[in-house]
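Report on the structure given below.
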Amino acid sequence: MDTRLNGSVVFVTGAASGQGKATVGLFAEEGAVVIVADRHGAAAEETAEELRAGGHDAMAVEVDVADAEAVNAAFDAVVGRYGRVDVLVNNAAVGFSENARLTMANVVDTPLEHWNAILAINLTGPALCAAAVLPRMAEQGSGVIINIASINGLVGLTGADAYTATKGGLIALTRSIAAEWSPRGIRVNCICPGGVDTPMIRAIVENPEAKKAMSATTPLGRLATPEEIAAVSVFLASPLAGYVNGAVLPVDGGYTAV
5 MDTRLNGSVV
15 FVTGAASGQG
25 KATVGLFAEE
35 GAVVIVADRH
45 GAAAEETAEE
55 LRAGGHDAMA
65 VEVDVADAEA
75 VNAAFDAVVG
85 RYGRVDVLVN
95 NAAVGFSENA
105 RLTMANVVDT
115 PLEHWNAILA
125 INLTGPALCA
135 AAVLPRMAEQ
145 GSGVIINIAS
155 INGLVGLTGA
165 DAYTATKGGL
175 IALTRSIAAE
185 WSPRGIRVNC
195 ICPGGVDTPM
205 IRAIVENPEA
215 KKAMSATTPL
225 GRLATPEEIA
235 AVSVFLASPL
245 AGYVNGAVLP
255 VDGGYTAV
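The sequence shown: position 79 = 83 (this note's numbering), numbered continuously.
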């Protein structure tokens, strides 16, 4: 498939591992210049070096997406080097991890500081990145923003109220930005993945039976691979999706269809 992304500058947050790493990898295979943005600078550089070793153009940027000053500095660095940003993929998020520093619980049991921290990363972060890149894209006359939300922004999930609130908020933010900025040549869409076979999900399904139970709730009967979600980002970023705007796309193996 010719996605016509050759030379496009693609900025992906949370790109040093998991879903984000798969995303920069696939964009690089399509000929894009990829920006590996992550709060773990050494890991971001390691991922960028792997891509460069494969003949791709990759730049690592250490950034905390919840820090407005750091976000603006990151985009300044990228524009200073490449002159533009064509695509932003807001992938960075805090979710479920066996080493989680934040409590995932219902509203009664979630400490306020943890609630605020989850919102800062999952919702304020994408907003800050969008705020930093939208004027640049408007000046270019073109651009694409892809927000990675979750099916849990569309349907309920017990025991993770802050997480689901941020994903629902990100869906609403997608539509609002699309409505306001698309007349300036900017398309904004949202992907809502279901269960994806990443380290974050593996932390939940630590044994085969648990993984099987999660897969059983999906008509396709399995988890997605990170590459399958990344492929949707590549499509939405490409001219092939030129009339797709303000869309919220579940990529969940049919989970929300039943």
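Cβ coordinates follow ideal geometry from the N, Cα and C atoms, glycine included.
Proximity test, Cβ basis, 8 Å: residue i and chain D
i      : result
Arg140 : Protein chains in the displayed structure number just one, and chain D is not present.
Proximity winner among the options, relative to residue i (alpha-carbon distances)
i      : options                           : result
Gly246 : Val75, Leu127, Val148 and Met63   : Val148
Asp201 : Ala26, Leu177 and His118          : Ala26
Val93  : Ile233, Ala70, Val83 and Val14    : Val14
Ala251 : Val192, Val236 and Val262         : Val192
Pro197 : Thr222, Pro115, Ser186 and Ile190 : Thr222
Ala134 : Ala261, Ala70, Gly11 and Gly24    : Ala70
Gly157 : Met63, Glu231, Met141 and Leu253  : Leu253
Ala234 : Ser186, Ile195 and Leu174         : Ile195
Asp90  : Val28, Asp165 and Ala241          : Ala241
Leu177 : Glu73, Asn249 and Glu50           : Asn249
Val28  : Gly11, Gly45, Leu55 and Asn10     : Leu55
Asn10  : Arg179, Ala36 and Leu30           : Ala36
Ile150 : Thr51, Val16 and Arg8             : Val16
For residue i, the residue or residues it bridges with in DSSP
i      : result
Leu92  : Phe15 and Ile149
Glu66  : Asp42
Asn193 : Ile150
Ala228 : Val200
Pro254 : Cys196
Val37  : Val13
C-alpha gap between residue i and residue j, whole angstroms
i      : j      : result
Ala47  : Ser21  : 8 Å
Val98  : Asn126 : 7 Å
Asp4   : Gln144 : Nothing about residue 4 can be read from this structure; the chain reaches only from 5 to 262.
Ser219 : Pro139 : 42 Å
Arg43  : Glu184 : 29 Å
Asp256 : Ala32  : 24 Å
Val111 : Ser154 : 19 Å
Ile39  : Val75  : 13 Å
Ala296 : Ser237 : In the structure displayed, the chain extends from 5 to 262; residue 296 sits before or after that span and is not available.
His118 : Pro243 : 40 Å
Pro187 : Ala166 : 33 Å
Pro115 : Ile122 : 11 Å
Glu50  : Gly59  : 15 Å
Ser146 : Ser12  : 11 Å
Phe79  : Ala52  : 17 Å
Glu73  : Glu231 : 32 Å
Gly87  : Val262 : 46 Å
Ala77  : Arg85  : 12 Å
Asp6   : Arg179 : 28 Å
Leu161 : Leu174 : 16 Å
Arg8   : Asn120 : 40 Å
Beta-carbon separation (whole angstroms), residue i vs residue j, contact threshold 8 Å
i      : j      : result
Ile152 : Asn95  : 5 Å
Val83  : Ala41  : Going by Cβ atoms, the distance from Val83 to Ala41 rounds to 13 Å, so no, they are not a contact pair.
Ile190 : Ala142 : 7 Å
Thr260 : Val137 : Not a contact, Cβ separation roughly 29 Å.
Gly45  : Met108 : With a Cβ gap of about 26 Å, Gly45 and Met108 do not count as contacting.
Could you say if the region 17 to 34 and the region 219 to 227 meet the contact criterion of at least three C-beta pairs nearer than 8 Å?
no
Closer than 8 Å is the cut-off here; do at least three beta carbon pairs connect the region 111 to 129 with the region 168 to 175?
yes
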